[in-house]
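Going down the list, the sequences are from chains A and B.
Residue numbers for the first sequence follow my numbering, beginning at 1 and rising by one.
Residue numbers for the second sequence follow my numbering, beginning at 1 and rising by one.
Comments concern the structure below.
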Amino acid sequence: MEIKNYITVATLNTLIKNKLEGDYDLKNIYVKGEISNWKEYSSGFFFNLIEGKDSVISCVIWRNNYMYLPFEPKSGDQVVVLGSVSVYVGRGTYNLTVRTMEQFGQGAKLLALEALKKKLMAEGLFDPSHKLEIPAFPKKIGLIVGASSAAEADLITNINRRWPICEIYVFPSLVQGKEAPKDLLRALKLAESYPLDTLIIARGGGSNEDLDAFNDEALARELYSCKIPCISAVGHEIDTTLIDYVSDLRVSTPTGAAEAATPDQNEIRSILMGAEESLDTSIGYLLSRKKEMLLRLSERPFFKNPASSYEKAIEQVSQLSSRLEFAITHQLEKKASEITNLEGKLKSLNPKNVISRGYSMTTNDEGKVITSSTEIKVGEKLHTVLKDGIIISTVSAKE
Amino acid sequence: MEQEKELSFEEKLNKLNEIVNKVENELLPLDEAMKLYEEGNLLIKDLQKTLNEAEAKIALIKADK
Numbered sequence: 001m002e003i004k005n006y007i008t009v010a011t012l013n014t015l016i017k018n019k020l021e022g023d024y025d026l027k028n029i030y031v032k033g034e035i036s037n038w039k040e041y042s043s044g045f046f047f048n049l050i051e052g053k054d055s056v057i058s059c060v061i062w063r064n065n066y067m068y069l070p071f072e073p074k075s076g077d078q079v080v081v082l083g084s085v086s087v088y089v090g091r092g093t094y095n096l097t098v099r100t101m102e103q104f105g106q107g108a109k110l111l112a113l114e115a116l117k118k119k120l121m122a123e124g125l126f127d128p129s130h131k132l133e134i135p136a137f138p139k140k141i142g143l144i145v146g147a148s149s150a151a152e153a154d155l156i157t158n159i160n161r162r163w164p165i166c167e168i169y170v171f172p173s174l175v176q177g178k179e180a181p182k183d184l185l186r187a188l189k190l191a192e193s194y195p196l197d198t199l200i201i202a203r204g205g206g207s208n209e210d211l212d213a214f215n216d217e218a219l220a221r222e223l224y225s226c227k228i229p230c231i232s233a234v235g236h237e238i239d240t241t242l243i244d245y246v247s248d249l250r251v252s253t254p255t256g257a258a259e260a261a262t263p264d265q266n267e268i269r270s271i272l273m274g275a276e277e278s279l280d281t282s283i284g285y286l287l288s289r290k291k292e293m294l295l296r297l298s299e300r301p302f303f304k305n306p307a308s309s310y311e312k313a314i315e316q317v318s319q320l321s322s323r324l325e326f327a328i329t330h331q332l333e334k335k336a337s338e339i340t341n342l343e344g345k346l347k348s349l350n351p352k353n354v355i356s357r358g359y360s361m362t363t364n365d366e367g368k369v370i371t372s373s374t375e376i377k378v379g380e381k382l383h384t385v386l387k388d389g390i391i392i393s394t395v396s397a398k399e
Numbered sequence: 001m002e003q004e005k006e007l008s009f010e011e012k013l014n015k016l017n018e019i020v021n022k023v024e025n026e027l028l029p030l031d032e033a034m035k036l037y038e039e040g041n042l043l044i045k046d047l048q049k050t051l052n053e054a055e056a057k058i059a060l061i062k063a064d065k
């Protein structure tokens with residue numbers, strides 16, 4: 001008897017695929033295991049998730065999901081993956097198609113970190129209003145970095161290139177491991193005792209554990225109270241630590257931190273050159289205007305002929321002077337003519353003049369002029385003055 | 001004379017003017033006329049000196065340019 005109701009392999013695999021992929025119990029499940037045989041392909045990463053020696057499941061994570069992973073998985077990592085079972089019809093195999101995964105043990109830590117973050121946020125440690133402005137022209141910059149780290153070298157190179165007049169103070173610190181939080185705190189306190197304009201806390205990328213030190217509560221609180229404007233550059237863009245939330249400015253790379261902390265000297269130079277030019281132009285314009293004003297003023301009559309200012313006064317004085325001469329002469333002449341007048345009058349009153357015209361003057365013995373007969377007695381002598389002599393006679397009678 | 005030193009040029013000029021007017025327009029006792037004449041001449045000398053100084057100063061300033 002020939003069996004007619006068989007199905008093809010492909011049909012079977014398709015049935016299996018539909019069965020498995022349609023089962024909600026196999027969709028979006030969390031599976032814990034250890035990564036082994038991690039291999040990279042152009043489309044994505046293939047690996048096995050194993051548990052002990054006995055259990056294994058093939059897994060794949062496509063690149064579009066891989067790029068969002070918070071860490072770089074490698075063989076030996078203990079992980080919890082989130083994925084769905086899928087069937088490869090051509091091979092009749094199934095695997096776990098992983099959408100995301102995290103390092104095992106990180107989950108609890110992340111929850112604790114989230115709780116801490118919420119607490120600090122509620123306390124206002126992340127408030128934008130508390131953030132200090134990063135100085136535009138720093139003179140002293142402090143770096144809290146791993147000793148001789150790539151971040152340190154990167155920062156120093158870039159700060160020196162952009163703003164070489166700035167002094168750099170390096171406060172080396174452990175940046176990973178158990179002692180790192182304490183050491184970072186020490187470095188931060190030390191840095192705070194310097195008169196810095198800006199402080200940069202920087203560390204290159206790393207796994208979540210590597211960056212744990214920057215999630216330390218005490219460190220975050222110290223940074224919050226720090227009076228120096230602080231830039232944080234910890235890990236990569238996707239890694240945001242507590243320090244990044246508390247710092248006054250968060251950037252993703254040490255280079256970015258150097259750029260945020262300093263102006264570019266070339267830009268400043270060109271601004272200065274522009275300013276110098278426009279200053280020259282305006283001062284030149286100003287000067288030529290003032291010169292023109294001065295020229296016009298100096299051509300005024302006063303400057304052309306300064307004597308004009310006192311010529312009038314000279315004229316006045318000289319006029320007054322001649323008027324005074326004339327007036328005093330006039331006064332003196334008047335006096336002189338008065339004298340002449342009086343002299344004439346006096347002359348005409350001289351009695352000798354009368355006698356010369358034939359009159360005579362009679363006096364007594366004492367020389368007193370006799371003008372009345374009562375002034376003389378009979379028997380007294382009379383002196384009669386004539387023009388050419390005196391007659392002396394005796395009074396014989398009076399009538 | 002001490003007080004006259006403190007007068008300005010214009011004040012002195014006014015005073016001279018008053019003196020001249022008085023000598024011109026009033027018949028004065030000789031003593032007073034002579035006194036005014038003397039005072040007027042002193043004022044004239046003083047004013048001329050001031051003017052000469054101003055002239056010299058302007059010449060100096062011009063020479064300095």
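Each residue gets a CB set at the ideal place from its N, CA and C atoms; glycine is no exception.
*asked:* Out of A/Asp280, A/Leu20, A/Val98, which one is the CA nearest neighbour of A/Phe46?
replied: Of A/Asp280, A/Leu20, A/Val98, the residue nearest in Cα terms is A/Val98.
_Every unbroken alpha helix (DSSP H) inside the region 113-200 of chain A [4 residues or more]_ = Secondary structure in the region 113-200 of chain A: the alpha helix (DSSP H) runs of 4 residues or longer, each lying completely within the stretch, are 150-162, 180-192 in chain order.
_Please give the ranges of any alpha helix (DSSP H) in the region 21-105 of chain A, keeping only runs that are unbroken, at least 4 residues long and fully inside the region._
For the region 21-105 of chain A, the full-length alpha helix (DSSP H) segments reaching 4 residues or more read 63-66 along the chain.
_B/Glu24: contacting residues in chain A (beta-carbon distance under 7 Å)_ = Within chain A, the residues placing a beta-carbon under 7 Å from that of B/Glu24 are Arg323, Ala327, ordered along the chain.
*Determine, using beta-carbon pairs with one atom in the region 162-179 of chain A and one in the region 141-149 of chain A, whether at least three such pairs fall under 8 Å.*
Because the criterion of three Cβ pairs below 8 Å is met, the region 162-179 of chain A and the region 141-149 of chain A touch.
*Examine chain A for any beta-carbon lying closer than 8 Å to the beta-carbon of B/Ala56, and answer yes or no.*
No - not a single Cβ of chain A is within 8 Å of the one on B/Ala56.
*Using a Cβ cut-off of 7 Å, which residues of the region 286-299 of chain A contact any Cβ in chain B, in chain order?*
Answer set for the region 286-299 of chain A: empty.
*According to DSSP, what are the bridge partners of A/Leu382?*
Beta-bridge pairing links A/Leu382 to A/Ser393.
*Shortest alpha-carbon distance to B/Leu28 belongs to which of A/Gln331, A/Lys345, A/Glu343, A/Lys368?*
Nearest C-alpha to B/Leu28 among A/Gln331, A/Lys345, A/Glu343, A/Lys368: A/Gln331.
_Residues, ordered as in the chain, of the region 328-343 of chain A that lie near chain D by beta-carbon distance below 9 Å_ = Any reference to chain D falls outside this structure, whose protein chains are A and B.
*With 8 Å set as the bound, which would you pick, yes or no: does the beta-carbon of B/Ala33 sit closer than that to a beta-carbon of chain A?*
Answer yes: the Cβ-Cβ gap between B/Ala33 and chain A drops below 8 Å somewhere.
*Spatial neighbours of A/Asp365 within its chain, please: CB distance less than 8 Å, with the 5 preceding and 5 following residues excluded, ordered by chain position.*
Contacts found: Glu380, Lys381, His383.
*Please decide whether B/Leu16 counts as near chain A, where near means a Cβ-Cβ distance under 8 Å.*
By this cut-off, B/Leu16 is an interface position.
*B/Leu13: contacting residues in chain A (beta-carbon distance under 8 Å)*: Chain order gives the chain A residues near B/Leu13 as Ala313, Gln316, Val317, Leu320, where near means a beta carbon separation below 8 Å.
*Using a Cβ-Cβ cut-off of 6 Å (strictly less than) and excluding sequence neighbours within five positions of A/Gly146, which residues of its own chain qualify?*
Counting only Cβ-Cβ distances below 6 Å, and skipping sequence neighbours, we find Val175.
*Going by alpha carbons, who is nearest to A/Ser356 out of A/Ile314, A/Ile61, A/Glu51, A/Lys387?*
Taking the Cα of A/Ser356 as reference, the smallest distance to any Cα among A/Ile314, A/Ile61, A/Glu51, A/Lys387 is reached at A/Lys387.
_Taking 8 Å as the cut-off, does the region 49-64 of chain A touch the region 77-95 of chain A (at least 3 CB pairs, one atom from each stretch)?_
Yes, the region 77-95 of chain A is in contact with the region 49-64 of chain A.
*Examine chain A for any beta-carbon lying closer than 8 Å to the beta-carbon of B/Leu42, and answer yes or no.*
Not closer than 8 Å to any Cβ of chain A, the Cβ of B/Leu42 fails to qualify, so no.
*Near A/Trp62, which residues of its chain fall below 7 Å by C-beta distance, leaving aside the five closest residues on each side in sequence?*
Excluding residues within five positions, the ones whose Cβ falls inside 7 Å are Ser43, Gly44.
*In chain A, which residues lie less than 7 Å from B/Leu47 when you measure between Cβ atoms?*
Residues of chain A whose Cβ lies closer than 7 Å to the Cβ of B/Leu47 are, in chain order, Val317.
*Helix, strand or coil at A/Val369 according to DSSP, with G and I counted as helix*: In the three-state reduction of the DSSP assignment, A/Val369 falls in the strand class.
*asked:* Please report whether the beta-carbon of B/Leu60 lies at a distance below 8 Å from any beta-carbon of chain A.
replied: No, no contact with chain A.
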